[in-house]
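Asks: Just dropping this structure here.
Residue numbers (the working numbering): 0 to 90.
This is the structure in structure tokens:
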């Protein structure tokens with residue numbers, strides 16, 4: 000169930016991420032509309048690049064950990080979510 004929710008969120012996120020990021024930067028950082036749109040676009044570009052490169056790498060890593068060390072995929076997903084949450088609060 001967690002894997003399917005993760006996959007669905009990967010599909011939905013790119014559509015609203017630039018808009019949300021632009022609004023966030025405009026309200027919290029006091030950026031102009033143009034600066035906020037550029038910042039939101041950069042966040043979305045980095046996200047898409049991460050999906051292109053990161054998804055296959057983490058897929059291979061999860062397969063390796065599952066076969067070699069019997070680490071369940073749900074644990075890898077949970078660690079990823081914790082890492083992202085901590086990263087967001089650290090910024």
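For every residue, glycine included, the Cβ atom is placed at its ideal position computed from N, Cα and C.
Enumerate, from N- to C-terminal direction, the unbroken beta strand (DSSP E) stretches of 3 or more residues contained entirely within the stretch 4 to 48.
Replies: If we require 3 residues or more, the stretch 4 to 48 turns out to have no beta strand (DSSP E) run fully inside it.
Asks: Quick one: what does DSSP say residue 56 is sitting in, helix, strand or coil?
Replies: Residue 56: helix per DSSP, three-state reduction.
Asks: If you reduce the DSSP assignment to three classes, tell me which class residue 70 lands in.
Replies: It is coil, neither helix nor strand.
Asks: How many Å lie between residue 25 and residue 59 at the Cα?
Replies: When rounded, the distance between both Cα atoms is 38 Å.
Asks: Between residue 5 and residue 63, what straight-line distance do the alpha-carbon atoms span, to the nearest angstrom?
Replies: The straight-line gap from Cα to Cα measures roughly 20 Å.
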